[in-house]
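What the sequence shown shows, in mature numbering (1 follows the signal peptide of the UniProt record, and there is no 0), is residues -20 to -1, 1 to 1001, in sequence order. The C-beta atom is built at its ideal place from N, Cα and C for all residues, glycine as well.
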Amino acid sequence: MIAALISIALLCIGIPVAQATELIEPNVAAELTQGLPSSSITDTGETIQREVSGDTQSRRSNRRMLAARASIQSQNISFTDTTGNVVRLNDYAGSPRVIIGGSYSCPHTQSAVAEAAALTNVAGFEHAQFFVMNFQAASVAEFVSQYAPSASARVHVEAGESNWTLWKLIDGVAPTTTSINLPAVFYIDGNGTIVDYTNGSTSLRDGMARNFGLEEPNSKGLTTDVSLGISGVTVFTTETVDQQAVYASALNTVKKWRQDALNDTAIKLPYNGSYKTVREYLKAAGISEATYLNPQWSQTLERIALQRAIEIYDYAGLVHTRPNDDSCFTATYNGAHANGEIIAAGFSDIADTIDRGWAGGEKADYIKEINGQPHGQTGHYVNLITPENQYYGFAGASENAYGTSWAGESSQSLSGTTTPLNLKGTYEFSIRVSEARLDQGVNLVLPDRMAPNRTAQAKAKLAYMNGRYELRGDWKSSNTAVATVDANGNVAARSAGTTTISVTQHNRTYSKQLTVATTTVSFAGNGSTSGATNAITGAQDDVVTLPTSGFARTGYTFTSWNTKADGTGTTYQAGARYTLPAQNVTLYAQWKINTYTVTFNANGGSAVASQTVTHGNKASAPANPTRTGYTFQGWYTAASGGTKFDFNTAITANRTLYAQWKINTYTVTFNSNGGSAVASQTVTHGNKASAPANPTRTGYTFQGWYTAASGGTKFDFNTAITANRTLYAQWKINTYTVTFNANGGKFLPNKADTISKSVDYGKSVTAPAANTMSRPIGHQFSGWYTAKTGGSKAELSKGVTGNMTLYAHWDTIMFSDVRLPGADGKGGTSHAEHVQWMAASYLADGYDNGDGTYRYEGLTRVYRQDMAAFLRRLAVKDKIGDAATWTPSATDWNRFKDVTRNTPHAEDILWLAHAGISEGWKASDGSATFRPMDTVKRQDMAAFLKRMADKAGKSSGVAPKSFSDVTDETPHAAEIGWLGGAGISIGYANADGTRRFGGMTPVYRQDMAAFMHHLDTRLTQ
């Protein structure tokens, strides 16, 4: 922090300079042309070089020579503008163009690019186009970060391949030059011809004026028209300014701080011996708040501020004394000067300067000051809020090496106009410096020695401000035969000799002796087998860059230059800076025999170490590498093809030898493990075996191919084959289902129609025993058969070979107490054929004798509950009504008081009632009984049978038959007559030849069989 006190007690803050360079926003876009130069550019900060030594002095070639040598072809160079569009050099044919080649690490390149960016905003240069070849930037982001660019649509950038492109340009204008200072600048006219070329520190403004006659209006002299006074010496500097961005921002920021002071009662100003708030002050001074909050711009003050911004920054810090030692207030415009000045440096813009450097940084200190507390500077803040200061002018000036300086001038009255200058661009400014500053020294910038036909720009730079200012005067050469100098300091070397170049100003003369002479450095190949290196010609004490050798020597590598052929003299490395001596000199190439690397590319195999072999010697055959799945075939000159290498061959260059391999093949064997045969497969290493068609094996199901005959893991055919292997089929024995169909019976205890058993292939199956089934009525088990009817009897001892169904066959029971009549119709028990028909028709089962036989008991009386069972079975057999499917409801179960779920044949009894065949006996209370254990009377039987026929629709067309004991009063007389007429019953014979029915006689089981058989015959007609 640097402070200075001026006469009106306003303090100035000095801020450390934050340097920044403005440039366009770059992008990468480079189009390569054919061919690549034999060497590349190496950046050394400010110099680039290639094959042989050349002049490193900043040089400018003759325009006619350049025009004869080079014309830039637009299709070969592409750039990217700041809007992202790719453009070509010749897109701007007809416009003056400038190419700047260099790197951002070079300060002179930075200055040239900054000047190009500034010139795009300067009047007079509207049609100029600038192109930057920045070969150091590897990416857009890197380029932007180095240059901190500002937008400029007329500065275009190429990055990445600029090294190559730049040398192509240099080849066209200076083919013998192999070392240049950066930046390299090419001036191209509207026809595409390079009309000028410079390298090293340069002024684009001078080059544009020299080659294209372009100058900005009013760029010379006193840009501000501010009086510099009469003391001191006039010197010149060039500054980039942008006042267009200052005017509104400055006034708005001052207004903001005045509003803050007006609102903050802690801010007080001295008035007639006391402190008053700003509002109180305005009222007492008769100044309106509107006036206070509306400070005005003064162009006069702006001009003074701009001049002061140029003058204020020197190594002594920020001061209010001008370089000619006058007070800052001696800077006047049309006789007017400021009443107060505030200055600062290093801030980015005027608003930032006011906010942080002047007002914002001092308000707190001012409050301490008026409260009698220790405090820092306050003058800047007071200047901005003092009500009487109604007119301001602010300006900033930026110089690339020092940062931005800011000046603010204030006044209580207006002089001149309130219109801002709005200057923007780069301008030349004049200032006056004191004799003391001039006495700090003037450096005449000019080479000590030049070669004939070289040119240079001589300038007298003041030591003050590190050469920022230039002293101009009358230039002279003491010997124009040796060198001439024009009014602008342009020196042209003519012939060998010595002359003095001088400039005179203000009765002071500054001079420098210039020697014009040439020295030649020759280069000897010293055993080379080909090539050449061009000599370097220059002046004594010229510093050149020694080239890389253009010579070649078979089997050797160039290492350095030496003043003696045997290397015992002074050694110089290629690229070294070399000062030309007074006498011609020869430098000898020094060589080192080459060693080469023989690289063994195992080509997928195990690593093999490379060998280092001296030129002409032989490589040793290494141990054979290995590679899984391959057999080594030898070392070859190519990865495939080529020729087998002979290790007796002399090595004369780096080379790579390649292992070549033959891929292995393997046999995959398929062991069917008891199944059908499967062919083996031959598979190349790393490939896959193909899954073969599945083998077969009787009684087994194929489970897949496994790594072992049993156990192991299932083989994945996506597995690469890397060795011989055997795969084994694994099997699962088949399991078959043997279904046993009861075929009319039921399996106990669940009354299932079928049961099944799972049996492995070839194993026998045990059939269900007869006692595990309920028999069909009237039948007994005879065996298991292969068909429901017919078929063959199952041989269960044989192994099962497939799914199968076996059917129970049932034979009709032959009752033990029933004898069928003989062939003569005699000898049988009563109704024997009808009784056996009952069994065969699934109607009667008989009684178990306990020995596997059954008796019928034909003379046993039929109970009503048994009769119900017989009748319903017949109804099911003959498909009468719903006999086969009907089941009793809850209401049905309540029909008879003496029929429960435990009553034998209960459902059959209820079906008889449901079918209207038997209603039982009705009681006076409305209930009914069936009397299941009562025997059936013949007359009741007649009713049951007739009703069955009615139910089946088979009772019509019968003529009743009379019986002697049946009258109209006989119960069920009609049904008895129908029974006789239908041939179902013939009754009993009387002695007189008539027949009686015997209605009250109990029905015996053998008679019941006859009745049922006769009825069935009628029902099935």
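> residue 908: which of 644, 612 and 874 sits nearest, CA to CA?
Replying inline: 874
>> Less than 8 Å between C-beta atoms, sequence neighbours within five positions excluded: which residues of the same chain meet that for residue 273?
In response: 235, 238, 239 and 242
> Three-state secondary structure (DSSP) at residue 39?
Replying inline: Unreliable placement is indicated for residue 39, whose pLDDT of 28 sits below 50; the coordinate value is still reported in the next sentence. The answer is coil: DSSP assigns residue 39 none of H, G, I, E or B.
>> If you reduce the DSSP assignment to three classes, tell me which class residue 856 lands in.
In response: helix
> Helix or strand or just coil, what does DSSP make of residue 813?
Replying inline: helix
> According to DSSP, is residue 944 helix, strand or coil?
Replying inline: coil
> For residue 800, does the count of other Cβ atoms within 10 angstroms reach 16, so buried, or fall short, so exposed?
Replying inline: exposed
>> Can you check which of these residues, 377, 218 and 319, is closest to residue 393 by C-alpha distance?
In response: The closest CA to that of residue 393, considering only 377, 218 and 319, is found on 319.
> Going by DSSP, which residues form a beta bridge with residue 250?
Replying inline: 255.
>> According to DSSP, residue 430 sits in a beta bridge with which residue or residues?
In response: In DSSP, residue 430 forms a bridge with 496.
> Whole-angstrom Cβ separation of residue 744 and residue 776, contact assumed at under 8 Å?
Replying inline: Between residue 744 and residue 776 a beta carbon distance of about 6 Å is seen, short of the 8 Å cut, so the two are scored as contacting.
> Is the Cβ-Cβ distance between residue 386 and residue 309 less than 8 Å?
Replying inline: no
> Nearest CA to the CA of residue 831: which residue from 790, 796 and 960?
Replying inline: 796
> Which class does residue 754 belong to by DSSP, given the choice of helix, strand or coil?
Replying inline: In this structure, residue 754 counts as strand in the three-state DSSP scheme.
> Fully enclosed by the segment 572 to 606, which alpha helix (DSSP H) runs are 4 residues long or longer?
Replying inline: none
> Excluding sequence positions up to five away, which residues of its chain have a Cβ less than 7 Å from the Cβ of residue 791?
Replying inline: In chain order, 759, 760 and 762 place their CB closer than 7 Å to the CB of residue 791, counting only its own chain and leaving out the 5 sequence neighbours on each side.
>> On the DSSP letters alone, give me the boundaries of the beta strand (DSSP E) that residue 738 sits inside.
In response: Unbroken beta strand (DSSP E) run through residue 738: 734 to 740.
> Roughly how many angstroms separate the alpha carbons of residue 723 and residue 750, rounded to a whole number?
Replying inline: Pairing residue 723 with residue 750, the inter-Cα distance amounts to about 12 Å.
>> So within the segment 302 to 365, which uninterrupted alpha helix (DSSP H) runs reach at least 4 residues, ignoring any that extend past its ends?
In response: Correct list: 343 to 350 and 359 to 365.
> Helix, strand or coil: which one does DSSP assign to residue 672?
Replying inline: coil
> How big is the Cα-Cα spacing for residue 111 and residue 154?
Replying inline: 20 Å
> residue 208: buried (16+ other C-beta within 10 angstroms of its C-beta) or exposed?
Replying inline: buried
>> Quick test of your reading: residue 346 and residue 358, contact by CB under 8 Å. State the CB separation rounded to the nearest angstrom.
In response: 4 Å between Cβ atoms; contact.
> Helix, strand or coil: which one does DSSP assign to residue 649?
Replying inline: strand
>> Taking 8 Å as the cut-off, does the segment 456 to 472 touch the segment 418 to 436 (at least 3 CB pairs, one atom from each stretch)?
In response: yes
> Less than 8 Å separating the beta-carbons of residue 179 and residue 164?
Replying inline: yes
>> When you compare the CB positions of residue 221 and residue 376, do they come within less than 8 Å of one another, or not?
In response: yes
> Which residues bound the beta strand (DSSP E) around residue 953?
Replying inline: Unbroken run through residue 953 is the alpha helix (DSSP H), 953 to 961; no beta strand (DSSP E).
> Between which two residues does the alpha helix (DSSP H) containing residue 234 stretch?
Replying inline: 227 to 243
>> On the DSSP bridge list, what partners appear for residue 423?
In response: For residue 423, which the question treats as bridged, DSSP gives the partners 441.
> Cα-Cα, which of 714, 738 and 748 is closest to residue 1003?
Replying inline: Outside the shown range of the chain, which is -20 to 1001, sits residue 1003, and nothing can be said about it.
> According to DSSP, is residue 914 helix, strand or coil?
Replying inline: coil
> Using DSSP with H/G/I as helix, E/B as strand and the rest coil, what is residue 370?
Replying inline: coil
> Between residue 537 and the rest of its own chain, which residues show a CB-CB distance below 6 Å, the 5 nearest in sequence each way excluded?
Replying inline: Within the same chain, residue 537 has close Cβ partners 572 and 574.
> Using a Cβ-Cβ cut-off of 6 Å (strictly less than) and excluding sequence neighbours within five positions of residue 990, which residues of its own chain qualify?
Replying inline: 811 and 814
> For the beta strand (DSSP E) that contains residue 208, what are its first and last residues?
Replying inline: Segment: none, residue 208 is in no beta strand (DSSP E) and carries neither H nor E.
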